[in-house]
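Asks: First, the structure itself, so that you have it in front of you.
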Amino acid sequence: MTYLLQQALNALQLGSIYALIALGYTMVYGILTMINFAHGDLFMVGAFLCFVAATYLKLSFVPSLLLSMAGVALLGVVIEKWAYKPLRQAPRVSAIITALGVGIFLENFTLALCPYPKHIPPLIAHEMWSFGGVSISSLQILIILLSILLMILLDFIVRRTMVGMAMRAISWDKTIVPLMGVPVDRVISITFAIGTSLGGAAGVMYGLAYPVIDPYMGIMVGWKAFISAVVGGIGNIRGAMIGGFILGGVEILVAAFLPSTYRDFVAFAFLLVLLIFRPYGILGKPHPQKV
Amino acid sequence: MSRTDVLLRVDDLTVSYGNIRALKGISFDVRDGEIVTLIGANGAGKSSALRAVSGLIPFSGRILYGDRDLSRIPPDGIVRLGIAQVPEGRGIFGNLTVFENLRLATWQRKNKAEVAKDFERVFGLFPRLNERKDQMGGTLSGGEQQMLAVGRALMSRGQMMLLDEPSMGLAPVLVRDIFHTLAEINQAGTTILLVEQNAYMALHIASRGCVLETGSIVLSGTGRELLGNPRIKEAYLGG
Numbered sequence: 011m012t013y014l015l016q017q018a019l020n021a022l023q024l025g026s027i028y029a030l031i032a033l034g035y036t037m038v039y040g041i042l043t044m045i046n047f048a049h050g051d052l053f054m055v056g057a058f059l060c061f062v063a064a065t066y067l068k069l070s071f072v073p074s075l076l077l078s079m080a081g082v083a084l085l086g087v088v089i090e091k092w093a094y095k096p097l098r099q100a101p102r103v104s105a106i107i108t109a110l111g112v113g114i115f116l117e118n119f120t121l122a123l124c125p126y127p128k129h130i131p132p133l134i135a136h137e138m139w140s141f142g143g144v145s146i147s148s149l150q151i152l153i154i155l156l157s158i159l160l161m162i163l164l165d166f167i168v169r170r171t172m173v174g175m176a177m178r179a180i181s182w183d184k185t186i187v188p189l190m191g192v193p194v195d196r197v198i199s200i201t202f203a204i205g206t207s208l209g210g211a212a213g214v215m216y217g218l219a220y221p222v223i224d225p226y227m228g229i230m231v232g233w234k235a236f237i238s239a240v241v242g243g244i245g246n247i248r249g250a251m252i253g254g255f256i257l258g259g260v261e262i263l264v265a266a267f268l269p270s271t272y273r274d275f276v277a278f279a280f281l282l283v284l285l286i287f288r289p290y291g292i293l294g295k296p297h298p299q300k301v
Numbered sequence: 085m086s087r088t089d090v091l092l093r094v095d096d097l098t099v100s101y102g103n104i105r106a107l108k109g110i111s112f113d114v115r116d117g118e119i120v121t122l123i124g125a126n127g128a129g130k131s132s133a134l135r136a137v138s139g140l141i142p143f144s145g146r147i148l149y150g151d152r153d154l155s156r157i158p159p160d161g162i163v164r165l166g167i168a169q170v171p172e173g174r175g176i177f178g179n180l181t182v183f184e185n186l187r188l189a190t191w192q193r194k195n196k197a198e199v200a201k202d203f204e205r206v207f208g209l210f211p212r213l214n215e216r217k218d219q220m221g222g223t224l225s226g227g228e229q230q231m232l233a234v235g236r237a238l239m240s241r242g243q244m245m246l247l248d249e250p251s252m253g254l255a256p257v258l259v260r261d262i263f264h265t266l267a268e269i270n271q272a273g274t275t276i277l278l279v280e281q282n283a284y285m286a287l288h289i290a291s292r293g294c295v296l297e298t299g300s301i302v303l304s305g306t307g308r309e310l311l312g313n314p315r316i317k318e319a320y321l322g323g
């Protein structure tokens, strides 16, 4: 029982990181019906920005986090403007290939600057508490609480603010939104900024929780987060959160009871099986009826 | 502005889709306070004219709103200039509540008190929308969606309102209601440019009308003149 609880805690930690990244995929898909395959690499850039902020600028946790989020958000907005926007009327395949290209560019650009894996200095005082045999670290608490806080904040923005309303309207019918006096391009930029900054925050937390960061760290984590978004129902924000936690849970369960090399194969098999039974994901719906 | 000032002037407007010329150089104007209607059969070019004014499609010729040239202004900029829109097919956001649909149209407005007043006005005109304000737009009936589309255009508080086929797909009694409301909105000071297939209803409330056939204006006059014109009677009013 304590073993299970311990694993549940680990699942929560991993799941919240997947969920944060999955939100970026799903938000961009929601408004542009495009998969931003560079998103996993933006997560990686977030980790490296945190490394720079902590190591060279000697910043503490909060400023490092904010700097990474802001840097990644800016990068996301620039990528959208320069790489994706010119292709908005082009076939979807072109936009996806461009996104893959941007991702490979980011990996190799980072590799050129930082050829060796790096280690983010511990920004959080390490403490360990134990409750009836279940131990929890200060970092775990931070990751879980911060992720949940960011998700609540996002949920509020999407459901309660004018920008969130515009995002939802764009996902319904992009052609009508400008007739309401809403500048669609600006809403798209804001969506990229928010979505990628969550990925950046995930990069910071991942970099603090796991020993090393390298330019390719975003590939596998990015794919898993993408699976999370699809499992939850791509385009659905709450779905992405749920999908992230489910995938974190599946992975930790596999690692707990089976050889850990099975982890990725089970995760991807899970995606395949789920999509056979629920092609639109858990909360996803068939394309909206436009009357 | 006095009542005879021209608010919208369309000059030699041409719209092409590939090789097909949907509009072959039409000219008309809308004076402040008027209801002007463009009538004609399907494919006559009515919607193209409206879409050009809205900034949705490229055109040649000139469109002036007041003294502003609209040719390089994006659709959201045109709304900000004061031209509110009721799009073709109503364009309700089915995943937003009725209230949110209305609120989204106030994006560019800063004065919260004025917005609150306009909410009251819209809910006064369409009490049904007030009853359903927390319902998703997609759950409304066709008539209610049309009320919402008109209400939304009021919320963006334009001096002018463009409507693309508000009668489409509605039962006759609902069409009468909507046109009655449009006349009321016009009385309260909003200038209206209305594109319609339902010539009878449109000409009834219009100060002036233009008849479009295959991309050209073939006839224009006051609403009353056109209603009495034998040619119009035969072609558009069912004898």
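Protein sequences, first through last, are from chains G and V.
Residues in the first sequence are numbered from 11 upward in steps of one, following this note's numbering.
Residues in the second sequence are numbered from 85 upward in steps of one, following this note's numbering.
No residue lacks a Cβ here, since even glycine has one placed at the ideal position from N, Cα and C.
Since the structure is predicted, the reported quantities are computational estimates derived from the model, not experimental observations.
Would a C-beta distance cut-off of 8 Å place Gly259 (chain G) and Ile31 (chain G) closer than the cut-off?
Replies: no
Asks: Check each residue of the segment 158 to 170 of chain V: if its Cβ is closer than 7 Å to any Cβ of chain G, include it; give the result in chain order.
Replies: Pro158, Pro159, Asp160, Val163, Arg164 and Gln169
Asks: State yes or no: is the beta carbon of Arg236 (chain V) nearer than 8 Å to at least one beta carbon in chain G?
Replies: yes
Asks: Whether or not the segment 194 to 210 of chain G and the segment 87 to 102 of chain G are in contact is what I'm after, with contact meaning three or more pairs of Cβ atoms, one per stretch, closer than 8 Å; do they touch?
Replies: yes
Asks: Taking any Cβ of chain G, which residues in the segment 180 to 192 of chain V have a Cβ under 7 Å from it, in chain order?
Replies: Leu180, Glu184, Arg187, Leu188, Ala189, Trp191 and Gln192
Asks: Residue ranges of each alpha helix (DSSP H) run of no fewer than 4 residues wholly in the segment 264 to 289 of chain G, ordered along the chain?
Replies: Runs of the alpha helix (DSSP H) lying entirely within the segment 264 to 289 of chain G, each at least 4 residues long, are 273 to 287 in chain order.
Asks: May I have the straight-line CA-CA distance separating Ile27 (chain G) from Ser225 (chain V), to the nearest angstrom?
Replies: Put simply, the backbone Cα of Ile27 (chain G) is about 43 Å away from that of Ser225 (chain V).
Asks: Rounded C-beta distance between Gly242 (chain V) and Leu107 (chain V)? I'm assuming under 8 Å.
Replies: About 23 Å separates the two Cβ atoms, so there is no contact after all.
Asks: Which residue from G:Leu285, G:Val276, G:Leu24 and G:Phe287 puts its Cα closest to that of Leu149 (chain G)?
Replies: Of all alpha-carbon atoms in G:Leu285, G:Val276, G:Leu24 and G:Phe287, the one lying nearest the alpha-carbon of Leu149 (chain G) is that of G:Leu24.
Asks: Which residues of the segment 273 to 294 of chain V have a Cβ closer than 9 Å to any Cβ of chain G? Give them in chain order.
Replies: Within the segment 273 to 294 of chain V, not one residue has a Cβ closer than 9 Å to any Cβ of chain G.
Asks: Is it the case that the segment 238 to 253 of chain V contacts the segment 198 to 215 of chain V, given that we only count it when at least three CB pairs across the two stretches are under 8 Å?
Replies: Yes: the two stretches touch, three or more of their Cβ pairs being nearer than 8 Å.
Asks: For a contact defined as C-beta to C-beta under 8 Å, what are the partners of Phe177 (chain V) on chain G?
Replies: Arg178, Ala179, Trp182, Asp183 and Ile186
Asks: Compute the Euclidean distance between the alpha carbons of Arg105 (chain V) and Ser111 (chain V), then round it to the nearest angstrom.
Replies: 15 Å
Asks: Between the segment 118 to 132 of chain V and the segment 279 to 289 of chain G, do three or more beta carbon pairs fall short of 8 Å?
Replies: no
Asks: With 7 Å as the C-beta to C-beta threshold (strictly closer), list the residues of the segment 136 to 157 of chain V near chain G in chain order.
Replies: Ser138
Asks: So Gly235 (chain V) is in the alpha helix (DSSP H); what residue range does that whole segment cover?
Replies: Gly226 to Met239
Asks: Once DSSP output is grouped into helix, strand and coil, what is the label at Tyr28 (chain G)?
Replies: helix
Asks: Considering only residues of the segment 257 to 321 of chain V, which uninterrupted beta strand (DSSP E) runs meet the minimum length of 3 residues and lie entirely inside it, listed in chain order?
Replies: DSSP runs (the beta strand (DSSP E)) wholly in the segment 257 to 321 of chain V: 275 to 280, 292 to 297 and 300 to 306.
Asks: Does any CB atom of chain G fall closer than 8 Å to the CB of Ser240 (chain V)?
Replies: Proximity of Ser240 (chain V) to chain G, defined by a Cβ-Cβ separation below 8 Å, is satisfied.
Asks: Just to confirm my understanding: we take Lys295 (chain G), look at its own chain, exclude 5 residues before and 5 after, and list those with CB closer than 6 Å. What are they?
Replies: Contacts found: none.
Asks: Does any residue of chain V bring its CB to less than 8 Å from the CB of Leu189 (chain G)?
Replies: yes
Asks: Would you kindly report the start and end of the unbroken alpha helix (DSSP H) that includes Ala83 (chain G)?
Replies: Phe71 to Ile89
Asks: When you compare only the Cα positions, how much space is there between Glu309 (chain V) and Arg292 (chain V)?
Replies: As the crow flies, the alpha-carbon of Glu309 (chain V) is around 9 Å from that of Arg292 (chain V).
Asks: Do three or more CB pairs link the segment 170 to 184 of chain V to the segment 246 to 257 of chain V at distances below 8 Å?
Replies: yes
Asks: How about Phe61 (chain G) and Ile256 (chain G): are their beta carbons less than 8 Å apart?
Replies: no
Asks: Rank G:Asp165, G:Leu14 and G:Gly56 by C-alpha distance to the C-alpha of Gly217 (chain G) and give the top, closest one.
Replies: G:Gly56
Asks: I'd like the list of long-range same chain contacts for Val187 (chain G), defined as Cβ closer than 6 Å, with 5 residues on each side in sequence excluded.
Replies: Ala179, Ile180 and Val194
Asks: Our contact map puts Thr206 (chain G) next to Ala83 (chain G) with C-beta atoms below 8 Å; I'd like the distance itself, whole angstroms only.
Replies: So it is a contact: roughly 5 Å between Cβ atoms.
Asks: When burial is assigned at 16 or more other CB atoms within 10 Å of the CB, is Ser74 (chain G) buried or exposed?
Replies: Flag for Ser74 (chain G) reads buried.
Asks: What does the Cβ neighbour count give for Tyr13 (chain G), buried or exposed, with the cut at 16 atoms within 10 Å?
Replies: exposed
Asks: Cβ closer than 7 Å: which chain V residues qualify as neighbours of Pro125 (chain G)?
Replies: Simply none; closest approach about 45 Å.
Asks: Quick check on Val192 (chain G) - is its C-beta less than 8 Å from some C-beta in chain V?
Replies: For Val192 (chain G), the answer is yes, since a Cβ of chain V falls inside 8 Å of its Cβ.
Asks: Quickly, what does DSSP pair Ala168 (chain V) with across the bridge? List them, please.
Replies: V:Met245
Asks: With 8 Å set as the bound, which would you pick, yes or no: does the beta-carbon of Met175 (chain G) sit closer than that to a beta-carbon of chain V?
Replies: Yes, its Cβ sits closer than 8 Å to a Cβ of chain V.
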